[in-house]
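For reference, the structure discussed in these notes is given below.
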Amino acid sequence: MAESKSLRKPVFTKVDQLRPGTIGHTLTVKVVNTKMVLQKGRADGPQVRQMRIAECLVGDETGMIIFTARNEQVDLMKEGTTITLRNAKIDMFKGSMRLAVDKWGRVEVAEPANFNVKEDNNLSLIEYELVNVVEE
1 MAESKSLRKP VFTKVDQLRP GTIGHTLTVK VVNTKMVLQK GRADGPQVRQ
51 MRIAECLVGD ETGMIIFTAR NEQVDLMKEG TTITLRNAKI DMFKGSMRLA
101 VDKWGRVEVA EPANFNVKED NNLSLIEYEL VNVVEE
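Going by full-length UniProt numbering, the first residue of the sequence shown is number 1, and it counts up by one from there.
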């Protein structure tokens, strides 16, 4: 019997394997810290919608990266919490990588992981220059 494609187990990515412009990552990370960068109400029809964005330093035993949490994602990003990010993607912000989960992915609180975050390898501190490759 052929296995259904949707049931295959996700391949987990380690933080140090993340590269600019890649999508579809599933990772288990710990939240190192969170800082709110934007909080504003938007009058959007009958109810006021709160727009919240937090930059969260998350990582595993291979390194750390900034995860941009939006709206209800922010509530899950408590320091020390283990989080599973499903279908995450890499956004570039001022030449550095940020991890994000849009409406096609999920942020879930996971069982506490038993790794220590490698804090001396912050991938969001690496600057990438946009290089246009010209085909000869």
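The C-beta atom is built at its ideal place from N, Cα and C for all residues, glycine as well.
CB contact flag (residue i, residue j, <8 angstroms)
| i | j | result |
| --- | --- | --- |
| residue 65 | residue 99 | yes |
| residue 77 | residue 69 | yes |
Other residues of its chain near residue i: CB distance less than 7 angstroms, five sequence neighbours each side excluded
| i | result |
| --- | --- |
| residue 14 | 60, 62 |
| residue 37 | 53, 54, 55 |
Outcome for residue i when other beta-carbon atoms lying within 10 angstroms are tallied against a minimum of 16
| i | result |
| --- | --- |
| residue 12 | exposed |
| residue 110 | exposed |
| residue 51 | exposed |
| residue 17 | exposed |
| residue 3 | A caution first: residue 3 carries a pLDDT of 49, below 50, which makes its placement in the model unreliable, though a value can still be read off. Exposed. |
| residue 166 | Here the chain covers residues 1 to 136 and nothing more, so residue 166 does not appear. |
| residue 134 | exposed |
Sequence-distant residues of the same chain with beta carbon closer than 8 angstroms to residue i, five excluded per side
| i | result |
| --- | --- |
| residue 30 | 58, 59, 60, 80, 81, 82, 83, 113, 115, 117 |
| residue 10 | 26, 86 |
| residue 20 | 90, 92, 97, 128 |
| residue 119 | 32, 59, 64 |
Contact with chain C by residue i, beta-carbon distance below 8 angstroms
| i | result |
| --- | --- |
| residue 95 | Among the chains of the structure shown, chain C does not appear; only one protein chain is present. |
Distance between beta carbons of residue j and residue i, contact taken as under 8 angstroms
| i | j | result |
| --- | --- | --- |
| residue 54 | residue 34 | 5 angstroms |
| residue 92 | residue 124 | The pair is not a contact, with the Cβ atoms about 10 angstroms apart (cut-off 8 angstroms). |
Neighbourhood of residue i by C-beta, 6 angstroms cutoff - its chain only, sequence neighbours within 5 removed
| i | result |
| --- | --- |
| residue 95 | 127, 128 |
| residue 74 | 52, 54 |
| residue 23 | 89 |
| residue 40 | 51 |
| residue 67 | 56, 58, 99 |
| residue 101 | 85, 88, 107 |
| residue 104 | 87 |
| residue 122 | 64 |
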